[in-house]
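See structure below.
Chains as they are written, first to last, in my numbering: chain A, 1 to 343; chain B, 344 to 775.
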């Protein structure tokens with residue numbers, strides 16, 4: 001018995017219960033009672049503990065992310081935002097903490113949030129093994145930091161999180177069948193940094209102006225990697241307005257992704273940020289956004305926010321890689337695959 | 344009887360086409376044998392109307408077709424099949440966006456007929472933010488139009504193009520459509536496109552203008568500017584036109600291609616003085632098609648001075664665009680086959696029907712558009728074959744004569760002598 005309905009192949013959204021097919025979440029009770037799920041959730045808890053430990057040791061303050069707000073991160077590829085009626089005003093469920101992270105830097109130099117985010121991803125992403133409509137993110141932002149600083153923090157954070165999982169969750173890692181020696185070897189070596197152009201060359205893809213790396217290609221290059229690695233210098237036109245354009249190289253963003261090996265693909269996105277008001281408004285237009293929607297944020301920016309760099313790590317994606325899972329839904333107690341109605 | 348009027352537009356001609364289909368291409372049948380006809384001396388309305396299509400006497404392409412067919416080619420041998428902006432179509436026509444005005448309540452009927460014809464259909468801005476995303480009891484909501492199209496579209500040609508303007512971005516029209524299960528079939532068959540609306544023909548430089556009732560105005564207040572002229576009367580809702588620079592346009596197109604990789608990318612330009620530069624930016628950034636709306640186009644509400652005195656007419660837009668480096672689509676008072684063929688000869692890959700489509704469904708909600716398109720198709724076949732050509736894409740500037748300028752033939756003879764020179768008696772070919 002399942003309560004799930006799959007709308008993906010349906011011409012209109014009317015309910016149709018379908019049995020879980022291979023590679024899709026089982027009924028909620030079965031999922032929760034599965035020893036594998038339980039082991040995965042314990043590994044995840046250790047990853048979060050390791051991340052908190054690292055960030056606290058670096059002096060970052062943990063803040064709680066608002067659930068709703070007048071606007072949210074528009075930077076998600078093709079994903080729909082969720083509207084909430086807030087006393088007659090249209091509010092959004094948070095898609096990431098980015099706007100609040102930048103604003104919070106007027107209070108603290110280093111901040112982080114660990115919180116759920118909602119993105120109604122395109123239906124085609126239900127088969128990527130790496131998209132959930134509701135997921136959790138470790139969102140980090142440091143004032144005065146450069147992109148290289150942020151990359152270094154992300155590397156330390158992932159290493160610390162994995163070390164904590166290895167140190168405290170040996171049993172759970174055994175239950176999921178993870179080769180811990182291999183995992184340790186993967187995470188203890190320095191993470192390489194490649195440019196977007198170098199990745200396209202390795203893939204044999206043309207340098208098409210302003211385009212992202214396809215998800216399939218990302219999985220491919222991830223499969224051939226010996227360790228986690230960073231991709232830097234994404235072209236403008238593929239990211240949110242808050243990612244800083246390199247003043248020395250127009251059209252190139254000072255952004256980065258962290259790619260996990262073993263075909264897991266991207267688990268973290270970050271950047272040095274735009275902090276100049278006029279630049280942010282112009283970039284909003286370039287990303288098709290109406291600045292009027294962002295008035296609370298722009299008011300703060302206009303009065304001055306510090307330059308910063310930061311990133312968001314997808315917790316389920318990190319967990320999927322560390323636990324050696326086939327799919328990201330296995331790293332969530334109540335997974336929501338795009339287009340699948342679930343608890 | 345409907346109250347729809349289209350002043351300044353050949354409304355009666357379109358109504359007749361919507362009633363009679365192919366027969367309307369000729370004078371009324373009752374005139375046959377009793378009336379003699381000649382050219383109408385009326386002044387041409389614009390540059391495109393002033394052009395004449397001028398068939399040559401010698402037709403090497405017709406000879407090729409004759410050899411191909413093994414018989415003399417006829418107008419019926421002209422292929423109108425077209426491919427533009429990522430879609431296939433049975434003829435080089437698409438349905439332009441009709442906006443959200445009350446007139447466009449005909450949208451659903453139009454969508455059904457466009458689907459039957461297999462013609463691409465653009466759904467205008469504001470349909471979602473004003474009329475709602477799903478049905479709100481009126482037949483205007485965006486998905487209903489898409490549904491009406493998809494329900495009747497069977498041939499695998501055509502497609503739906505969903506427009507989004509700067510202020511529509513608030514309503515996230517594209518994100519909603521892209522994630523909605525009801526568009527999956529169109530998306531899977533490559534028949535979904537998104538059109539970035541940079542501006543419009545009837546009021547270049549202004550955003551969308553719609554009259555709404557008081558209740559609706561309260562719902563939309565804060566999001567749009569409102570003008571109240573008469574207490575208790577309808578309220579004018581004014582959108583912002585959006586701010587564009589070359590970089591903003593380029594990056595918005597990149598974003599569309601990255602965020603909606605399974606939808607084609609169209610860009611609609613207003614008839615601005617830098618239309619050629621803007622089109623070039625759009626094509627370079629990867630737009631599958633650029634639509635240009637002449638100042639004579641448009642179906643929506645606009646200040647009178649904008650209709651009469653602002654923006655480039657389509658003919659001048661096409662002149663400035665020259666030989667386009669990408670797929671160019673054009674609209675502006677297209678209502679018959681000859682204007683369509685002229686616009687194609689001037690560089691467009693397909694032409695949009697706006698007011699003509701509205702008048703046609705007003706005349707006959709069930710079949711008006713189908714008959715209008717039949718009449719245009721028949722005229723196009725007659726015209727293209729008369730030019731000695733047999734595919735719609737072959738019409739070119741050499742087929743046009745501009746009465747205000749010396750024709751290409753005259754120029755050639757005068758300057759280069761490349762044409763045949765007069766034959767003197769002693770040079771005639773002698774037959775034994």
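Each residue gets a CB set at the ideal place from its N, CA and C atoms; glycine is no exception.
With DSSP run on the structure shown, which of helix, strand or coil describes residue i?
| i | result |
| --- | --- |
| residue 6 (chain A) | In this prediction, residue 6 (chain A) has a pLDDT of 48, which is less than 50 and means its spatial position is unreliable; what the coordinates show is noted afterwards. Here residue 6 (chain A) sits in strand by DSSP. |
| residue 192 (chain A) | strand |
| residue 302 (chain A) | helix |
| residue 211 (chain A) | coil |
| residue 605 (chain B) | coil |
| residue 538 (chain B) | strand |
| residue 371 (chain B) | coil |
| residue 90 (chain A) | strand |
| residue 507 (chain B) | strand |
| residue 110 (chain A) | strand |
| residue 181 (chain A) | helix |
| residue 264 (chain A) | coil |
| residue 554 (chain B) | strand |
| residue 584 (chain B) | coil |
| residue 72 (chain A) | coil |
| residue 294 (chain A) | helix |
| residue 83 (chain A) | strand |
Using only the alpha-carbon positions, how far apart do residue i and residue j sit?
| i | j | result |
| --- | --- | --- |
| residue 529 (chain B) | residue 580 (chain B) | 32 Å |
| residue 484 (chain B) | residue 673 (chain B) | 26 Å |
| residue 507 (chain B) | residue 275 (chain A) | 28 Å |
| residue 273 (chain A) | residue 298 (chain A) | 14 Å |
| residue 109 (chain A) | residue 427 (chain B) | 53 Å |
| residue 745 (chain B) | residue 688 (chain B) | 13 Å |
| residue 304 (chain A) | residue 257 (chain A) | 27 Å |
| residue 710 (chain B) | residue 356 (chain B) | 16 Å |
| residue 99 (chain A) | residue 105 (chain A) | 10 Å |
| residue 545 (chain B) | residue 31 (chain A) | 58 Å |
| residue 330 (chain A) | residue 616 (chain B) | 56 Å |
| residue 359 (chain B) | residue 737 (chain B) | 29 Å |
| residue 324 (chain A) | residue 117 (chain A) | 23 Å |
| residue 139 (chain A) | residue 566 (chain B) | 31 Å |
| residue 663 (chain B) | residue 625 (chain B) | 16 Å |
| residue 181 (chain A) | residue 163 (chain A) | 11 Å |
| residue 500 (chain B) | residue 465 (chain B) | 14 Å |
| residue 66 (chain A) | residue 156 (chain A) | 27 Å |
| residue 424 (chain B) | residue 102 (chain A) | 54 Å |
| residue 317 (chain A) | residue 247 (chain A) | 32 Å |
| residue 321 (chain A) | residue 49 (chain A) | 17 Å |
| residue 479 (chain B) | residue 561 (chain B) | At residue 479 (chain B) the pLDDT is 47, less than 50, meaning the model places this residue with poor confidence; the figure from the coordinates comes in the next sentence. Those two C-alpha atoms are separated by around 17 Å. |
| residue 436 (chain B) | residue 390 (chain B) | 21 Å |
So the candidates are the options; which of them puts its Cα closest to the Cα of residue i?
| i | options | result |
| --- | --- | --- |
| residue 418 (chain B) | B:426, B:425 and B:408 | B:408 |
| residue 352 (chain B) | B:387, B:515 and B:379 | B:387 |
| residue 608 (chain B) | B:649, B:728, B:502 and B:452 | B:502 |
| residue 494 (chain B) | B:526, B:710, B:519 and B:647 | B:526 |
| residue 250 (chain A) | A:283, A:218 and A:27 | A:283 |
| residue 234 (chain A) | A:93, A:254 and A:166 | A:254 |
| residue 548 (chain B) | B:646, B:461, B:440 and B:487 | B:646 |
Which chain B residues are close to residue i, counting only those with a beta carbon under 9 Å from its beta carbon?
| i | result |
| --- | --- |
| residue 298 (chain A) | By Cβ distance, chain B contributes nothing, its closest Cβ being about 15 Å from residue 298 (chain A), past 9 Å. |
| residue 304 (chain A) | Correct list: empty, because the minimum Cβ distance to chain B is about 24 Å. |
| residue 339 (chain A) | 522 and 524 |
Which residues in chain A have a C-beta closer than 8 Å to the C-beta of residue i? List them in chain order.
| i | result |
| --- | --- |
| residue 456 (chain B) | Ordered by position in chain A, no residue passes the 8 Å Cβ test against residue 456 (chain B), which lies about 21 Å from the chain. |
| residue 730 (chain B) | Residues of chain A passing the Cβ test: none, with the nearest at roughly 38 Å. |
| residue 591 (chain B) | 282, 285 and 286 |
Taking Cβ positions only, does residue i come closer than 7 Å to chain A?
| i | result |
| --- | --- |
| residue 559 (chain B) | no |
| residue 346 (chain B) | no |
| residue 553 (chain B) | no |
| residue 586 (chain B) | yes |
| residue 603 (chain B) | yes |
| residue 441 (chain B) | no |
| residue 597 (chain B) | yes |
Residue i touches chain A at which residues, Cβ-Cβ below 9 Å?
| i | result |
| --- | --- |
| residue 594 (chain B) | 210, 236, 237, 251, 283, 285, 286, 287 and 288 |
| residue 489 (chain B) | The premise fails here: residue 489 (chain B) is roughly 11 Å from chain A at the closest Cβ pair, so nothing lies under 9 Å. |
Is there a Cβ from chain B that is less than 7 Å from the Cβ of residue i?
| i | result |
| --- | --- |
| residue 122 (chain A) | yes |
| residue 22 (chain A) | Low confidence applies here, because residue 22 (chain A) scores a pLDDT of 41, under 50, leaving its location unreliable; read the following figure in that light. Not closer than 7 Å to any Cβ of chain B, the Cβ of residue 22 (chain A) fails to qualify, so no. |
Name, please, each residue of chain B whose Cβ falls closer than 7 Å to the Cβ of residue i.
| i | result |
| --- | --- |
| residue 80 (chain A) | 515, 518, 519 and 522 |
Cβ-heavy atom distance between residue i and the ligand GTP below 6 Å?
| i | result |
| --- | --- |
| residue 725 (chain B) | With respect to the ligand GTP, the structure offers nothing, as it holds no ligand at all. |
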